[in-house]
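Chemist: The structure follows.
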């Protein structure tokens with residue numbers, strides 16, 4: 001590791017859970033981040049600043065004024081621009097060393113992408129059940145760990161699905177029969193700061209999975225009620241009749 005990297009990642013290296021070897025490991029990893037909205041914004045910032053070696057960002061959207069309330073990657077001058085383009089510039093401004101691959105593509109048309117073959121982890125920062133289920137299927141097909149997050153109104157959820165491990169439950173085990181596309185931010189609203197909290201936890205869980213440190217949300221669902229500041233964790237059981245993983 002160069003002197004420049006030792007200085008840049010000094011606060012990570014000081015942590016015994018990471019140290020030099022852990023930081024070198026992060027610098028060798030490839031994460032795919034799907035969704036660059038309210039959740040994806042803080043995730044993108046923290047993955048870049050943490051020194052993840054390669055980050056593939058995927059989103060098909062352009063920035064509009066309603067995004068600015070919670071999507072901290074963007075500003076007023078970015079309205080009308082592609083999210084992947086602006087996110088790329090913001091992330092590069094934080095860390096020039098990170099290899100950032102940007103893809104503007106419909107989030108429900110990703111199964112053929114070869115980039116998933118060499119990634120180490122997938123982060124789902126999208127905002128609808130159809131896309132989440134497709135990402136879960138993709139994660140299971142390619143045997144990659146999946147870190148999922150969701151935020152609506154004043155409640156958020158985070159879970160880690162180890163689709164790379166045999167007999168682990170997947171997202172479909174939890175939400176097989178749920179397809180309510182009306183349950184979105186545009187329909188129900190969302191507290192701006194909640195997306196930052198959920199996204200930050202997703203980024204943290206991703207780093208922990210890559211470094212195999214601490215206790216993660218593997219096969220668990222963390223539910224956060226930010227209005228009443230309540231945190232609840234429930235165990236996710238494998239559905240033996242799951243259409244995806246069984």
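In this note's numbering, the protein residues as written are 1 to 246.
We put the CB at the ideal spot given by N, CA and C, even for glycine.
1. In chain order, what residues of the same chain lie with their CB nearer than 6 Å to the CB of residue 38, ignoring the 5 residues before and after it?
2. If residue 100 sits next to residue 57, beta carbons under 8 Å apart, how far is it from one beta carbon to the other, in whole angstroms?
3. Measure the C-alpha to C-alpha separation of residue 197 and residue 166 and round it to an integer number of angstroms.
4. If contact is defined by three or more beta carbon pairs under 8 Å, each pair taking one atom from either stretch, is the stretch 130-149 in contact with the stretch 161-176?
5. Would you check if the distance between the CB atom of residue 203 and the CB atom of residue 94 is smaller than 8 Å?
6. So the alpha helix (DSSP H) residue 126 belongs to, where does it begin and stop?
7. Could you spell out where the beta strand (DSSP E) holding residue 147 opens and where it closes?
8. What's the C-alpha gap between residue 221 and residue 170?
9. Could you check if residue 231 is buried or exposed, using at least 16 other CB atoms within 10 Å of its CB as the buried criterion?
10. Would you call the stretch 129-141 in contact with the stretch 79-86, where contact means no fewer than 3 C-beta pairs closer than 8 Å?
11. Just the Cα atoms here: how many angstroms apart are residue 6 and residue 66?
12. For a quick check, are the C-beta atoms of residue 35 and residue 124 less than 8 Å apart?
13. From the DSSP output, in three-state form, read off residue 82 for me.
14. Can you give the Cα-Cα distance for residue 211 and residue 140, rounded to whole angstroms?
15. Of the choices 30, 14, 217, whose alpha-carbon is the least far from that of residue 118?
16. Which word fits residue 96, buried or exposed, when buried means at least 16 other C-beta atoms lie within 10 angstroms of its C-beta?
17. Report the partner residues of residue 157 according to the DSSP bridge assignment.
18. Just the C-alpha distance for residue 234 and residue 217, rounded to the nearest angstrom, thanks.
19. Measuring only the C-alpha atoms, how far is residue 136 from residue 193?
20. Please report the residue range of the beta strand (DSSP E) in which residue 67 lies.
21. Going by DSSP, what residue range makes up the beta strand (DSSP E) through residue 54?
22. In this structure, what does DSSP give as the bridge partners for residue 73?
23. If you run the structure through DSSP and keep just helix, strand and coil, what is residue 216?
24. Report yes if the CB atom of residue 73 is closer than 8 Å to the CB atom of residue 206, and no otherwise.
25. Could you check the C-alpha separation between residue 242 and residue 173 for me, to the nearest Å?
Modeler: Concretely, from the data shown:
1. 70, 71, 195
2. 7 Å
3. 30 Å
4. yes
5. no
6. Looking at the DSSP string, residue 126 is not in any alpha helix (DSSP H), and its letter there is neither H nor E.
7. 146-152
8. 11 Å
9. exposed
10. no
11. 40 Å
12. yes
13. strand
14. 21 Å
15. 30
16. exposed
17. 150, 223
18. 10 Å
19. 26 Å
20. First-last for residue 67: undefined, no H or E at that position.
21. 54-58
22. Residue 73 is not bridged to any residue.
23. coil
24. no
25. 6 Å
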